[in-house]
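In the numbering used here, the protein residues as written are 138 to 407.
Note that beta-carbon positions come from the ideal geometry of N, C-alpha and C, so glycine has one too.
Since the structure comes first, as structure tokens, the remarks are kept for the end.
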Amino acid sequence: MPFTPSHAVVALPFVRSPLPAGAVAVGSMAPDLPLFFPVGVTYETTHGVPGLLVVSVPLGALLYLVWLRVLRPAAGVLLPPVVGTRLPPAWAVPGATSAGRLLGVLLAVAVGVLTHVGWDAFTHPGRLGSTLLTALAEPWGPFVGTQWAQYGSSVVGLAVLAVAGARYLRRAPVSARPRPSRSRTVSWWLAVAALVTGPVAVAVTRGLPSDVGTAKSFVFFAGTGSGALLLLLAVGASVAVQLGRRAGGRTEDVATPEEPFDGRGEGAAP
Numbered sequence: 138m139p140f141t142p143s144h145a146v147v148a149l150p151f152v153r154s155p156l157p158a159g160a161v162a163v164g165s166m167a168p169d170l171p172l173f174f175p176v177g178v179t180y181e182t183t184h185g186v187p188g189l190l191v192v193s194v195p196l197g198a199l200l201y202l203v204w205l206r207v208l209r210p211a212a213g214v215l216l217p218p219v220v221g222t223r224l225p226p227a228w229a230v231p232g233a234t235s236a237g238r239l240l241g242v243l244l245a246v247a248v249g250v251l252t253h254v255g256w257d258a259f260t261h262p263g264r265l266g267s268t269l270l271t272a273l274a275e276p277w278g279p280f281v282g283t284q285w286a287q288y289g290s291s292v293v294g295l296a297v298l299a300v301a302g303a304r305y306l307r308r309a310p311v312s313a314r315p316r317p318s319r320s321r322t323v324s325w326w327l328a329v330a331a332l333v334t335g336p337v338a339v340a341v342t343r344g345l346p347s348d349v350g351t352a353k354s355f356v357f358f359a360g361t362g363s364g365a366l367l368l369l370l371a372v373g374a375s376v377a378v379q380l381g382r383r384a385g386g387r388t389e390d391v392a393t394p395e396e397p398f399d400g401r402g403e404g405a406a407p
């Protein structure tokens with residue numbers, strides 16, 4: 138499977154569109170949620186028909202709400218100052234849930250979900266892509282074509298996201314004063330621990346890899362384990378930041394009006 142965060146690259150063309158790009162990005166990753174958490178549905182359900190619409194789209198909308206209300210408002214505090222001080226000021230306040238704009242969010246999430254399934258069709262063996270392009274089913278050195286497509290598209294997707302992020306940071310003005318943050322320091326140390334915990338847990342429970350096949354399994358289980366821990370950590374740290382703000386009676390650095398649930402006001406950030 139392609140690296141899940143790489144799927145978010147499909148949201149970049151929507152940054153200046155009527156659809157909220159953040160919802161497209163979340164939808165593009167939502168079908169992989171069962172790989173990280175036991176959400177009561179299987180990977181096959183979230184990637185198949187009708188599950189990709191009746192399960193993945195609602196899941197994606199819920200995840201986007203978590204992003205809009207929980208994660209995004211704390212991003213300026215938890216991310217490194219070089220990033221956090223250049224985020225759009227509107228991000229500091231939780232987005233309001235406007236039912237009237239819910240349709241736009243659902244449409245954006247659905248677009249993301251469909252791009253995910255379409256991408257997977259050309260990067261998984263035995264799917265539509267292998268039928269349309271027979272070269273994807275043939276071996277090319279140590280891997281078949283679909284595997285090369287998996288790895289190559291994952292790298293390209295991450296590279297494009299990195300370039301887009303770097304361009305944004307270079308152009309964006311500083312919108313907040315950098316200030317020391319205990320939450321940021323603690324969270325980053327916990328993030329390091331989470332990254333280490335995944336591989337260690339897999340090594341203890343499954344042993345170290347001995348060949349290419351077991352190495353792929355090791356990386357998969359270690360990556361999804363660490364990824365799940367990082368997501369839980371991000372939610373917990375974001376909640377702590379917002380509770381701290383409420384206790385202190387202020388919003389870090391900026392205060393902006395509420396924005397609608399569709400995520401408008403995201404600014405030019407990808």
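Original post:
Going by the beta-carbon positions, is the gap between P139 and S291 smaller than 8 Å?
Top reply: By one-based count along the sequence shown, residue 139 stands at place 2. By one-based count along the sequence shown, residue 291 stands at place 154. In this structure, S291 lies closer than 8 Å to P139 by Cβ.
**OP:** Within its chain, find whatever has a CB closer than 8 Å to the CB of V349; leave out the 5 residues flanking it on each side and keep chain order.
**Re:** If you number the sequence shown from 1, residue 349 lands on position 212. Taken in chain order, the residues that qualify are P279.
Subject >> Rounded straight-line distance, which links the Cα of L332 to that of G364 >> reply: Taking the first residue of the sequence shown as position 1, residue 364 is located at position 227. Taking the first residue of the sequence shown as position 1, residue 332 is located at position 195. The alpha-carbon atoms of G364 and L332 are separated by roughly 8 Å.
Original post:
Counting pairs of Cβ atoms below 8 Å between the region 212 to 225 and the region 301 to 310, do you hit three or more?
Top reply: yes
Original post:
Is V248 closer than 8 Å to P168 when the C-beta atoms are compared?
Top reply: Numbered from 1 along the sequence shown, position 31 holds the residue referred to as residue 168. Numbered from 1 along the sequence shown, position 111 holds the residue referred to as residue 248. Contact flag unset, no.
Original post:
Under 8 Å, do Y201 and V147 count as touching if we go by C-beta distance?
Top reply: Along the sequence shown, one-based indexing puts residue 201 at 64. Along the sequence shown, one-based indexing puts residue 147 at 10. Their beta carbons are not under 8 Å apart, which means Y201 does not touch V147 by this criterion.
Subject >> Rounded straight-line distance, which links the Cα of V254 to that of L265 >> reply: Position 128 of the sequence shown, counted from the first residue, corresponds to residue 265. Position 117 of the sequence shown, counted from the first residue, corresponds to residue 254. If I take the Cα positions, the gap works out to 11 Å.
Original post:
L196: buried (16+ other C-beta within 10 angstroms of its C-beta) or exposed?
Top reply: The count along the sequence shown starts at 1 and reaches residue 196 at position 59. Classification for L196: buried.
Original post:
Can you give, in chain order, each stretch of the alpha helix (DSSP H) that sits fully within the region 252 to 303 and has at least 4 residues?
Top reply: 265 to 269
Subject >> Local Cβ density within 10 Å of S193, reported as buried at 16 or more and exposed below that >> reply: Start at 1 with the first residue of the sequence shown, and residue 193 comes out as number 56. That one is buried.
Subject >> Member of F358, W285 and A328 whose CA lies at the smallest distance from the CA of A338 >> reply: Walking along the sequence shown from the start, residue 338 turns up at place 201. Of the listed residues, the one whose Cα sits closest to A338 is F358.
Original post:
When the Cα atoms are used, what is the spatial distance from P346 to E275?
Top reply: The residue given as residue 346 occupies position 209 in the sequence shown. The residue given as residue 275 occupies position 138 in the sequence shown. In this model, P346 and E275 are separated by some 26 Å (Cα to Cα).
**OP:** Figure out for me which residue from R321, L199 and V176 has the closest Cα to the Cα of G213.
**Re:** Here the question's residue 213 lines up with position 76 in the sequence shown. Of the candidates R321, L199 and V176, the one whose C-alpha sits nearest the C-alpha of G213 is R321.
Original post:
With 16 as the cutoff for other CB atoms within 10 Å, does F151 come out buried or exposed?
Top reply: One-based indexing of the sequence shown puts residue 151 at position 14. Buried, because 16 or more other Cβ atoms sit within 10 Å of the Cβ of F151.
Original post:
Where does R206 fall in DSSP's three states?
Top reply: If you number the sequence shown from 1, residue 206 lands on position 69. If DSSP states are grouped into helix, strand and coil, R206 belongs with the helices.
Original post:
Could you give the C-beta distance for G294 and S154, rounded to a whole number, given that I count them as a contact under 8 Å?
Top reply: Looking up residue 294 in the sequence shown gives position 157. Looking up residue 154 in the sequence shown gives position 17. Wrong, their Cβ atoms sit about 19 Å apart, outside the cutoff.
Original post:
Looking only at its own chain, which residues have a Cβ that is under 6 Å from the Cβ of S165, when we skip the five neighbours before and after it?
Top reply: Translated into positions along the sequence shown, residue 165 becomes position 28. Result list for S165: H144, A145, V147, G249, T252 and H253, in chain order.
Subject >> Cβ-Cβ distance between V246 and A198 below 8 Å >> reply: Taking the first residue of the sequence shown as position 1, residue 246 is located at position 109. Taking the first residue of the sequence shown as position 1, residue 198 is located at position 61. In this structure, A198 lies closer than 8 Å to V246 by Cβ.
Original post:
Counting Cβ pairs closer than 8 Å, one from the region 205 to 219 and one from the region 360 to 375, do we hit at least three?
Top reply: yes
Subject >> Check whether L273 and G263 have beta carbons under 8 Å apart >> reply: Within the sequence shown, the letter at position 136 stands for residue 273. Within the sequence shown, the letter at position 126 stands for residue 263. The answer is no: Cβ separation not under 8 Å.
Original post:
Cα separation between Q379 and A352?
Top reply: By 1-based counting over the sequence shown, the position of residue 379 is 242. By 1-based counting over the sequence shown, the position of residue 352 is 215. Answer to the nearest angstrom: the Cα atoms are 40 Å apart.
**OP:** Would you check if the distance between the CB atom of A328 and the CB atom of L367 is smaller than 8 Å?
**Re:** To locate residue 328, count along the sequence shown from 1; it is residue 191. To locate residue 367, count along the sequence shown from 1; it is residue 230. It is a contact, given that the beta carbons lie within the stated cut-off.
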